[in-house]
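S.K.:
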Amino acid sequence: MNKNKIAIESLASDLKRVALLRHRGSIQAADRFSAEAKKRVDEIDLNSTQPYIQKILKGVPTAILDSDTALMYSTLLQNYSLHHYSPTSS
């Protein structure tokens, strides 16, 4: 499995956790997953991703401060991973 695919999927999961925890008011727990999300961004090779994904990845540090934005980024990254790294994609 592609290293970027795993990192992007992990980032999407971390962002979803951040969004849900912030929405629930669990700020301390959300901060832990925010730190994980920042680490995940560093694991991703930006040169092998689409330009719009690069823009999303650069926006992660500010996205983790807002639950709605974190959830949106999570969904976009998850969809990218599913479609870009699928066996039928070119």
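Once you know that position 25 of the sequence shown is 25 in UniProt numbering, the rest is easy, because the numbers rise by one and skip nothing.
C-beta: ideal position from N, C-alpha, C; glycine also.
Just so it is clear, the structure is predicted and the values come from calculations on it, not from any experiment.
Would you give the residue range spanned by the alpha helix (DSSP H) that S13 belongs to?
M.R.: 3 to 24 is the extent of the alpha helix (DSSP H) around S13.
S.K.: Out of curiosity, what's the CA-to-CA distance linking L46 and Q54?
M.R.: Whole-angstrom Cα-Cα distance: 6 Å.
S.K.: Do you know how far the Cα of A63 is from the Cα of L71?
M.R.: So the two alpha carbons sit approximately 9 Å from each other.
S.K.: Determine the direct distance from the alpha carbon of V41 to that of L57, and round the result to whole angstroms.
M.R.: So the alpha carbons of these two residues sit roughly 6 Å apart.
S.K.: Check for me: the alpha helix (DSSP H) holding Y85 runs from which residue to which?
M.R.: Where Y85 is concerned, there is no enclosing alpha helix (DSSP H), given that its DSSP letter is neither H nor E.
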